[in-house]
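Trainee: Protein chains in written order, with my numbering: chain A, 63 to 862; chain B, 479 to 777.
What follows is the structure, encoded as structure tokens:
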């Protein structure tokens, strides 16, 4: 439904950074080095909860290392993720901990001229701990016997007391829920459990800080926002922002793991300031896994429906564990409510959420934020309700989903948008066709060792967190861009936005090329830093193309107006009469007046003419806040095969659909969908970050050998995956585009559990659905319903 | 309470690296360190253990640069140099011809990148009870050659695996080669394992080798399970049960049940004891049924 002829957007362009990546020459934060740099290491707590009685660094210092302890760092409590506005920002941590609240908490740090000396010095630091009772579950943390993690934390400009280790509560209510349930013909209530998941991004969190004699610092860091790194370092260390420069390095994936300013960043700055040397800290994989994980949740969901499948009422109780620090519990509880309210029309809705501190790894953003948890619960229960009512789940979802003209709560109760583009019906129809939904296998029709099932789940993610209110928003959400037309007609795009590897900047380069009418290879993505760019909040919430792209689009429009004004002066034609189109032969944008073939000049000629005649540089800087946050819809049909003897689940086929508005680059957009399927499959079936209940140490101890994430071997063959893009146009997006990234993962777990139901006739409420859980469920099903799983000849259990 | 520094974020303790030119030098360096040195033979398991400081050798003796330790040769059976990369063994036509079950097993050992570094002998000396190569060695009834200060000795696979990550190799001995017997006429073999993800160590696996009579009765067999206890495990009860039998449904079912009883699995984050027993039964049943469908080399 594109509204104009496009020359670049929609083409499957290859990546500008592809060659550097595949040849190993791309520089990531852990690769950055400067002359005379020292190496930093962080001493981390071996206890889940302990008072720090003393820290003796004398032996380490005698080795020639510079040490940093709690006494050395500013007594500024901060929140590492400064995306929430100050009144909604909970601050509970220092650069180094005043108390150990989780295994892996930074207690002290060293810097030394060599990595080996840094490691030796680290081990020479003598810390005396007084262990406290560790709360390793929400239940334990809320019990009266639990030791408090915090007495008080800072909220806005004041302090709030923390009781029973509950960090935040949120309550949302719409309509009259009790009346809604009273009017319902069928009510189901189920509890769903999701576990932490490690981001498993390729780049471990790293940082290099180079101090200068004038008190300024230059920082390279794994980050999703270089400006937030700068602003927070300014707050903590009291350095004027013009003396802090944060340089962007390409980030080797994040999945949300660097939405915050990682704790190693201010530690590294402290070491550099104290030692006077450039200091580099590259986290080990073990440290990385101990620094952040996905929010685990317990969701109790109750929904009431009419006999015809109309949803009447819904109620959700959420308990989430935030671990040892409150990074963004308040918005997290908000999005649980918002995503719950936005999946299906619910006249009556009630939501209660609480976020609980525990002595575990801090929870933080991860692809989908709270959406995968909510999607798992809601999409599972909708499937169960439909089956109970004897209605096709697809029909029931189509009947109730929040679509065109509806209100989408985007990123929580304060981020509401009217839906202007909706490809759901089209995607459901096409996906059902690809996968053979009408003829899907049914549990009651299957016998034998291997059973097949097809599951459907759908949903969305928000495209950014923009909203119309001028003041009082919960979240900061704006982007900026500088577009500069060079003296030869090529273009520089200088934007502080981060590309996590999905190709966000490449997509934005296409938006700029499209607007300026120049070939894509004429647009270069500038290496940038905070000194020479304008602010971008952070690449999160699937906002890169929709919000970051909008800023670049506006800058391109402004630059284009200047360009056409100058071209008009050259051609003696009114600028409004001119258009630009790329000319493949010339490799240039050509500016001309339709109907006046002689009046024609290339973009390069205008730029050069402007240069030699000292007319000035053709450039623009813009800063843009989107005022809506449209849903990026997805639909997922997944076919599995279950080995009922081993419990193993194989993904046979998938039919994926995405409504990302105008597709900027179908190759990379498809890659997002494939990646989301893999990440979601890990969440659904494999990944479980367990804790030792005694020590609070991760079972995997931070090693990847036990922290399973699926690899390409577990994915279905690409030939068995179809990806459809809806033919939609989002009027508020750049060239009609909206988001896709996080949406690709959100419903996947429910598609799997619904597929498992289709294969086995058994529902699963706890993620991940491991082979052992499947075997146990089959046995229980056998015992309670008498439905034999099949004469499992070899697997007669032996109990000894 | 004091605590060891760096409960997380551990990387190896300092060590000396030696790359000897020949085996004698390797043996001499090992002896010099009196048991505190370790042989580095690819490092795909040893280095992670050192990074976790579960292993803290004072020296690493890198045997991968000793040319005589690499290569595959056929002499009726197979002789495989201990430092031959797993990828080379997997790609060897001699191996594929002599023991296709080994080629098959190697495709399940880690990933292409780890197989390019990891060595055949290194995996055997490391003796991970969930690893494929030690199980194949045991099932084929191979032997290894070790060289120490006192000279060379040959250790049959049946005597090699002592305990969890422990072999009969002395601290100052270097494993030099692995010998696999000739495949006799009528011998068939099957490899099968259950993993959470391709390339992982096995939850449970089986290597079944049997010599069949003309009337499809089992003359003799070696049934080895891995991932089921401290060492690769010879299921001798199963072997006794199927000796002289045709592998029909009832004997396969009985053998599978027997396998589950015979083992003593260790629970871990990947799987419980009960699950591993269940998998052992399943894999043994599967392997025995597959044995009946295979053709051995003709007499």
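Note that beta-carbon positions come from the ideal geometry of N, C-alpha and C, so glycine has one too.
Here's a check: name, in chain order, each residue in its chain whose Cβ is nearer than 7 Å to the Cβ of residue 190 of chain A, leaving out the five neighbours to either side.
Mentor: Taking the first chain and counting its residues from 1, the one referred to as residue 190 of chain A is at position 128. Counting only Cβ-Cβ distances below 7 Å, and skipping sequence neighbours, we find 115, 116.
Trainee: For residue 674 of chain B and chain A, any beta-carbon pair shorter than 8 Å?
Mentor: Here the question's residue 674 of chain B lines up with position 196 in the second chain. True, the Cβ-Cβ gap to chain A drops below 8 Å.
Trainee: Which chain A residues sit within Cβ distance under 7 Å of residue 492 of chain B?
Mentor: Within the second chain, residue 492 of chain B is the residue found at index 14, counting from 1. Ordered by position in chain A, the residues that pass the 7 Å Cβ test against residue 492 of chain B are 178.
Trainee: Tell me where the beta strand (DSSP E) around residue 273 of chain A begins and ends.
Mentor: Mapped onto the first chain, residue 273 of chain A falls at position 211. First-last of the beta strand (DSSP E) with residue 273 of chain A: 268 to 273.
Trainee: Counting pairs of Cβ atoms below 8 Å between the stretch 789 to 798 of chain A and the stretch 667 to 678 of chain A, do you hit three or more?
Mentor: Segments in contact, no.
Trainee: Compare the C-beta of residue 815 of chain A against all C-beta atoms of chain B and say whether one is closer than 8 Å.
Mentor: Counted from its first residue, the first chain places residue 815 of chain A at position 753. Judged by the 8 Å Cβ criterion, residue 815 of chain A is not in contact with chain B.
Trainee: Name, please, each residue of chain B whose Cβ falls closer than 7 Å to the Cβ of residue 270 of chain A.
Mentor: The residue given as residue 270 of chain A occupies position 208 in the first chain. Ordered by position in chain B, no residue passes the 7 Å Cβ test against residue 270 of chain A, which lies about 18 Å from the chain.
Trainee: Counting only C-beta atoms, is residue 495 of chain B closer than 8 Å to chain A at any point?
Mentor: One-based indexing of the second chain puts residue 495 of chain B at position 17. It does not: the Cβ of residue 495 of chain B has no partner Cβ on chain A nearer than 8 Å.
Trainee: Ignore the nearest five residues each way along the sequence and tell me which others in residue 580 of chain B's own chain have a CB closer than 6 Å to its CB.
Mentor: Counted from its first residue, the second chain places residue 580 of chain B at position 102. These residues qualify, in order along the chain: 573, 614.
Trainee: Counting only C-beta atoms, is residue 606 of chain B closer than 8 Å to chain A at any point?
Mentor: Looking up residue 606 of chain B in the second chain gives position 128. Output row for residue 606 of chain B: interface = no.
Trainee: Under 9 Å between beta-carbons, which chain A residues line up against residue 658 of chain B? List them in chain order, please.
Mentor: As a position in the second chain, residue 658 of chain B is number 180, starting the count at 1. Near residue 658 of chain B there are no residues of chain A at all, since even the closest Cβ is about 28 Å away, more than 9 Å.
Trainee: Are the CB atoms of residue 705 of chain B and residue 680 of chain B within a distance shorter than 8 Å?
Mentor: Sequence index remark: in the second chain, residue 680 of chain B carries index 202 (1-based). Sequence index remark: in the second chain, residue 705 of chain B carries index 227 (1-based). Their beta carbons are under 8 Å apart, which means residue 680 of chain B touches residue 705 of chain B by this criterion.
Trainee: Would you call the stretch 410 to 424 of chain A and the stretch 160 to 169 of chain A in contact, with 3 or more CB pairs under 8 Å?
Mentor: Touching, yes.
Trainee: Is the Cβ-Cβ distance between residue 604 of chain A and residue 524 of chain A less than 8 Å?
Mentor: Looking up residue 604 of chain A in the first chain gives position 542. Looking up residue 524 of chain A in the first chain gives position 462. The answer is yes: Cβ separation under 8 Å.
Trainee: Less than 8 Å separating the beta-carbons of residue 261 of chain A and residue 314 of chain A?
Mentor: Here residue 261 of chain A is taken as the residue at index 199 of the first chain, counted from 1. Here residue 314 of chain A is taken as the residue at index 252 of the first chain, counted from 1. Their beta carbons are not under 8 Å apart, which means residue 261 of chain A does not touch residue 314 of chain A by this criterion.
Trainee: Keeping to the same chain, check which residues put their C-beta closer than 6 Å to that of residue 763 of chain B; ignore five residues upstream and five downstream.
Mentor: Walking along the second chain from the start, residue 763 of chain B turns up at place 285. Excluding residues within five positions, the ones whose Cβ falls inside 6 Å are 730, 734.
Trainee: Provide the residue(s) that pair with residue 695 of chain B in DSSP beta bridges, ordered along the chain.
Mentor: By 1-based counting over the second chain, the position of residue 695 of chain B is 217. DSSP, once it has assigned bridges, lists B/724 as partnering residue 695 of chain B.
Trainee: Whole angstroms is fine: what's the gap from residue 286 of chain A's alpha carbon to residue 201 of chain A's?
Mentor: Along the first chain, one-based indexing puts residue 286 of chain A at 224. Along the first chain, one-based indexing puts residue 201 of chain A at 139. Near 33 Å, if we compare the C-alpha coordinates of residue 201 of chain A and residue 286 of chain A.
Trainee: Taking DSSP's pairing of strands, which residues face residue 473 of chain B in a bridge?
Mentor: The requested residue 473 of chain B does not occur in the structure, where chain B is confined to residues 479 to 777.
Trainee: Name, going along the chain, the residues of the stretch 756 to 770 of chain B whose beta-carbon falls closer than 7 Å to a beta-carbon of chain A.
Mentor: Against chain A - using a Cβ distance shorter than 7 Å - the residues of the stretch 756 to 770 of chain B are 756, 757, 759, 760, 763.
Trainee: On the DSSP bridge list, what partners appear for residue 721 of chain A?
Mentor: Counting from one through the first chain, the residue named residue 721 of chain A turns up at place 659. Residue 721 of chain A pairs with A/695.
Trainee: For a contact meaning CB atoms closer than 8 Å, what does residue 772 of chain A contact in chain B?
Mentor: The residue given as residue 772 of chain A occupies position 710 in the first chain. Residues of chain B passing the Cβ test: 675.
Trainee: Tell me the DSSP secondary structure of residue 133 of chain A in three-state form.
Mentor: Position 71 of the first chain, counted from the first residue, corresponds to residue 133 of chain A. Of the three classes helix, strand and coil, the one that applies to residue 133 of chain A here is helix, per DSSP.
Trainee: Under 8 Å, do residue 229 of chain A and residue 436 of chain A count as touching if we go by C-beta distance?
Mentor: Within the first chain, the letter at position 167 stands for residue 229 of chain A. Within the first chain, the letter at position 374 stands for residue 436 of chain A. Going by C-beta atoms, residue 229 of chain A is not nearer than 8 Å to residue 436 of chain A.
Trainee: So the candidates are B/696, B/747, B/754; which of them puts its Cα closest to the Cα of residue 760 of chain A?
Mentor: As a first step, residue 760 of chain A must be located in the first chain, where it is residue number 698. Closest option to residue 760 of chain A, Cα to Cα, is B/747.
Trainee: Answer yes or no: do residue 810 of chain A and residue 691 of chain A have a C-beta to C-beta separation smaller than 8 Å?
Mentor: As a working note, residue 810 of chain A is residue 748 in the first chain. As a working note, residue 691 of chain A is residue 629 in the first chain. No. Outside cutoff.
Trainee: Looking at the structure shown, is residue 94 of chain A part of a helix, part of a strand, or coil, going by DSSP?
Mentor: Locating residue 94 of chain A in the first chain gives position 32, where the first residue counts as 1. DSSP places residue 94 of chain A in coil when its eight states are reduced to three.
Trainee: Determine the DSSP secondary structure at residue 647 of chain B, reduced to helix, strand or coil.
Mentor: Walking along the second chain from the start, residue 647 of chain B turns up at place 169. Correct three-state label for residue 647 of chain B: coil.
Trainee: Which chain B residues are close to residue 775 of chain A, counting only those with a beta carbon under 7 Å from its beta carbon?
Mentor: Translated into the one-based positions of the first chain, residue 775 of chain A becomes position 713. Result: 675, 676, 677.
Trainee: Leaving out five residues on either side along the sequence, give the residues of the same chain with a beta carbon under 6 Å from the beta carbon of residue 109 of chain A.
Mentor: For the purposes of this step, residue 109 of chain A is identified with residue 47 of the first chain, where counting begins at 1. Answer for residue 109 of chain A: 162, 191, 193, listed in chain order.
Trainee: Closer than 9 Å, Cβ to Cβ, to anything on chain A: give me those residues from the stretch 567 to 589 of chain B, in chain order.
Mentor: Within the stretch 567 to 589 of chain B, the residues whose Cβ lies closer than 9 Å to some Cβ of chain A are 589, listed in chain order.
Trainee: Taking the alpha helix (DSSP H) that residue 676 of chain A belongs to, which residues open and close that run?
Mentor: Taking the first residue of the first chain as position 1, residue 676 of chain A is located at position 614. Neither: residue 676 of chain A is in no alpha helix (DSSP H) and is coded neither H nor E.
Trainee: On the three-state DSSP scale, how would you describe residue 404 of chain A?
Mentor: Numbered from 1 along the first chain, position 342 holds the residue referred to as residue 404 of chain A. Of the three classes helix, strand and coil, the one that applies to residue 404 of chain A here is helix, per DSSP.
Trainee: Quick check on DSSP: helix, strand or coil for residue 860 of chain A?
Mentor: Translated into positions along the first chain, residue 860 of chain A becomes position 798. Residue confidence is low: residue 860 of chain A scores 35 on pLDDT, short of 50, so the model does not pin down where it sits. No coordinate-derived value is stated.
Trainee: Can you list the beta strand (DSSP E) stretches of 3 or more residues lying completely in the stretch 284 to 317 of chain A, in chain order?
Mentor: Here the runs fully enclosed are 306 to 309.
Trainee: With a threshold of 8 Å, are at least 3 pairs of Cβ atoms found where one atom belongs to the stretch 217 to 224 of chain A and the other to the stretch 336 to 343 of chain A?
Mentor: The stretch 217 to 224 of chain A is not in contact with the stretch 336 to 343 of chain A.
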